[in-house]
Amino acid sequence: MDIREILGISEMYEFIRYLKDIIFDKQRREEYFNKIIEDIDLRTDFIRDVFQAEAAQRKQMKQDYTPDCICNLFYELSTTPAAVLDECAGTGSLAISYIANGVKNVICIEKSETVFPLLLFNMSIRNVTGWVIKEDITTRELLEAYRLEAGTRYSDIAKLEPNIGRTQTIISNPPYSLPWSGIGDWRFRKYAVPPKSKGDYLFIIDILTRLKEGGEAFVLLPHGVLFRGNQELAIRRSLIEKRYIHGIIGLPDNMFLNTSIPTVMICLKKADTESVYIMDATKYATKKAKVNELDGEAVHEIAKNYKNRIEKAKISRLVSIEEIQANQYNLNIPRYIDTTEPEEQVDIRKLTAQMQETDEEIRKTERELAGMMRQLVGDGYQSDIAEVLKLWS
């Protein structure tokens, strides 16, 4: 059921405004939650689609909220975690896929003033323990932080200074190619500073600073991160030399509500790896209405192949660091996965027979036409007909 029908409202902004008023009042908050929870499936983010259709700031904030099939893919790619950190969490869709599978220790980081009350709501109503933090990741400026403690039915919320340390599992669908200041800080001591025009590698580097040794992270980004040059090439080279890139999974285009851009899952591990698992998963797409989807079987197959590093012709292979170095650190998937289909082999005998048959048909038609011309009578025809007949002789 639509959240607006349950609450008797017509616009999403009414819900956001009301949440801001009651979210920190435990009694009012729980009364409100009780009204909502009777008709809601908490295994999915039931407010995401309504919010992004009405209120998401795609043009200004590059916000593209993650569809359920990709949320499920994040979870299935992960080694079963005890806790998860969702960076650029939005309404919390990615984290919710983990909560639905039993993970109850969750950290969510989000900057948007508009979406932040929805994120707090989504985590508290699911009775998790963890943190919901408002932070500008481009600068690491902390704006607000709230500690959630699992209660009888819903999480209690307290405003506290965060103390989260490093995390074993990090997930993120950050804003794609977000312009930022381009001013480096302590995070970039071992890396080039990403260009001002595209902050994609800013988020990768930030995530690595929060990741435990031996930990894993999954980041959804546009394909340009695989092959763009200059500072991004320098960063990509550093990540490859440090053996942090464990896998790359190219996903189908047209999977989001507001953009058809194809994306790639960058799979990071703080553990030595001598090869990168590269997969073209576009063939797993299923067309549904206006978008492409990955059904449950496809999600499971992609995750199984990644975890077991299974090589499949035209879909996936293990690529050595040496091969990537020989390709000047370009990770563009078609360089490593040949998806072209061989042209159908021509049957020469059959083609020759068809040509002979066609030639015979032409000669037969010419003979018939010549016969008809010889029957023509009248002044001036005979010399012209004689010339034409010479061509067919």
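For what it's worth, full-length UniProt numbering labels the leading residue of the sequence shown as 1, then goes sequentially.
Even glycine gets a Cβ: it sits at the ideal position worked out from N, Cα and C.
Would you list the residues sitting across from residue i in a DSSP beta bridge?
i, result
"Cys267", "Phe218 and Gly247"
"Arg147", "Trp131 and Ala158"
"Ile171", "Asp86 and Phe218"
"Ser320", "Ser275"
"Ile107", "Leu85 and Trp131"
"Lys350", "Lys350 pairs with nothing; no bridge assigned."
"Asp21", "In DSSP, Asp21 forms no bridge with anything."
"Leu120", "Beta-bridge pairing links Leu120 to no other residue."
"residue 400", "An answer regarding residue 400 cannot be provided, because it is not within the stretch 1 to 393 covered by the chain."
"Asp136", "Glu141"
Quick one: does residue i have its CB under 7 Å from some CB of chain E?
i, result
"Arg126", "The structure shown contains no chain E; it is built from a single protein chain."
Tell me which residues share the same chain as residue i and place their Cβ nearer than 7 Å to its Cβ, disregarding the 5 neighbours each side in the sequence.
i, result
"Leu202", "Thr138, Trp180 and Pro194"
"Tyr75", "Ser97, Tyr98 and Asn101"
"Leu213", "The sequence shown places Glu at residue 213, rather than the Leu named in the question. Only Lys270 meet the Cβ criterion."
"Pro117", "Ile16, Leu19, Lys20 and Ile23"
"Ala55", "Residue confidence is low: Ala55 scores 49 on pLDDT, short of 50, so the model does not pin down where it sits. No coordinate-derived value is stated."
"Gln354", "none"
"Glu30", "Tyr154"
"Ile164", "Ile107 and Trp131"
Can you give the beta carbon distance from residue i to residue j, rounded, assuming they're within the 8 Å contact cut?
i, j, result
"Glu110", "Gly90", "6 Å"
"Leu143", "Lys134", "4 Å"
"Leu178", "Ala217", "18 Å between Cβ atoms; not a contact."
"Ile333", "Ile315", "About 11 Å separates the two Cβ atoms, so there is no contact after all."
"Leu331", "Phe227", "7 Å"
"Tyr154", "Phe256", "Actually they are not in contact, since the Cβ atoms of Tyr154 and Phe256 sit about 30 Å apart, beyond 8 Å."
"Tyr306", "Leu294", "Between Leu294 and Tyr306 the Cβ distance is about 13 Å, and since that is not below 8 Å, they are no contact."
"Ile157", "Ser124", "6 Å"
"Tyr329", "Ile261", "Between Ile261 and Tyr329 the Cβ distance is about 23 Å, and since that is not below 8 Å, they are no contact."
"Tyr225", "Asn254", "Note that residue 225 is Val in the sequence shown here, rather than Tyr. The Cβ separation is near 19 Å, so there is no contact."
"Leu120", "Ile302", "So it is not a contact: roughly 32 Å between Cβ atoms."
"Val128", "Ala150", "6 Å"
"Lys196", "Gly184", "Not really, about 11 Å apart at Cβ, beyond 8 Å."
How would you label residue i, buried or exposed, when you count the other beta carbons within 10 angstroms and need 16 or more for buried?
i, result
"Asp45", "buried"
"Ala95", "buried"
"Thr263", "buried"
"Lys312", "exposed"
"Leu160", "exposed"
"Lys198", "buried"
"Glu320", "According to the sequence provided, residue 320 is Ser. The question's Glu does not apply to it. Ser320 is exposed by the Cβ-count criterion."
"Glu232", "buried"
"Ile348", "exposed"
"Val346", "exposed"
"Gly247", "buried"
"Ile324", "buried"
"Gln57", "Confidence is the limiting factor: at Gln57 the pLDDT is only 47, short of 50, which leaves the residue's position unreliable, though a coordinate-based value still follows. It counts as exposed."
"Ile362", "exposed"
"residue 407", "No information on residue 407 is available, as it lies outside the stretch 1 to 393 that the chain covers here."
Over what stretch of residues does the beta strand (DSSP E) that includes residue i continue unbroken?
i, result
"Leu85", "Ala83 to Glu87"
"Glu311", "That residue, Glu311, is in no beta strand (DSSP E); it is neither H nor E in DSSP."
"Ser275", "Ser275 to Asp280"
"Glu293", "Val291 to Glu293"
"Thr286", "Thr286 to Lys288"
Start and end of the alpha helix (DSSP H) containing residue i?
i, result
"Asp68", "Asp68 to Leu77"
"Lys35", "Lys26 to Ile37"
"Tyr65", "Tyr65 -> no alpha helix (DSSP H), and no H or E assigned at all."
"Tyr98", "Ser93 to Ile99"
"Thr209", "Asp200 to Arg210"
"residue 455", "Any answer about residue 455 is impossible in this case: the structure gives the chain only from 1 up to 393."
Enumerate in chain order the residues of its own chain whose CB-to-CB distance from residue i is below 6 Å, with the five nearest sequence positions on each side excluded.
i, result
"Ile249", "Met265, Met279 and Ala281"
"Ser78", "Thr169"
"Ile245", "Leu239 and Val276"
"Cys71", "Ser93, Leu94 and Ser97"
"Leu42", "Arg126"
"Leu85", "Ile107, Thr167 and Ile170"
"Ala192", "Gln231, Ala234 and Ile235"
"Arg48", "Tyr65, Thr91 and Ser93"
"Gly215", "Gln168 and Lys270"
"Asp136", "Lys111"
Which same chain residues end up closer than 8 Å to residue i when comparing Cβ atoms and leaving out the 5 residues on each side of it in sequence?
i, result
"Ala82", "Val103, Asn105 and Gln168"
"Ile207", "Glu87, Ile170, Ser172, Ala217, Val219 and Leu268"
"Arg187", "Arg140, Ile205, Asp206 and Thr209"
"Lys59", "Caution applies to Lys59, whose pLDDT of 48 falls short of 50 and renders its modelled position unreliable; the value that the coordinates give is listed next. Here the set comprises nothing."
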